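Remarks on the structure that follows.
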Amino acid sequence: MNRVITIPSDSSSVKSSKKNTRPTKQVNSINARKERLYAVSRTKKQEDGRKRREAIALKSKARNAVLTPEDFGTIPMSQADQMYRKGQKALHQKEIRIAKQLEKKFNEVIAMHEFKLAEGAFATSIYDK
């Protein structure tokens, strides 16, 4: 079962104990073809990767760029005043909404407190008047 491979000094062919002989020239041509295909494939993949990385770098540079007033231009004073008033109105409405939510939550806590006080036999609420 052991195969003995002998390599001649002139490298003209590779021989084994079995009848599987193959000329070196043919082996070299197959290896050369594989290497050439690998090199073509590798360079194409490398080129595609480089292009993809450059595109990502350009997009991130554009996304992270600091904008200046020259990029936007100017707007009329009436439009600026309208934007300011709209923002202030939104902030005021937000404050009112938060205040209502806090008041509702506070009332729920007070109601739960009164309910727990009423559970006792002689409990009286501090809010009864």
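In my numbering, the protein residues as written are 105 to 233. Built from N, CA and C at the ideal position, the CB exists for glycine as well. Only a predicted model underlies this, so the values are computations on that prediction, with no experimental measurement involved.
Please return the same chain residues whose Cβ sits closer than 6 Å to the Cβ of residue i, not counting the five positions on each side in sequence.
i, result
"G177", "none"
"L206", "none"
"E158", "none"
Helix, strand or coil, according to DSSP, for residue i in the structure here?
i, result
"I134", "helix"
"V170", "coil"
"T147", "helix"
"G153", "helix"
"G177", "coil"
"K119", "No answer about K119 holds up, because its pLDDT of 49 lies below 50 and its placement is not dependable."
Would you please verify whether the beta carbon of residue i is less than 8 Å from any beta carbon of chain C?
i, result
"T178", "Absence of chain C from the displayed structure is noted, only one protein chain being present."
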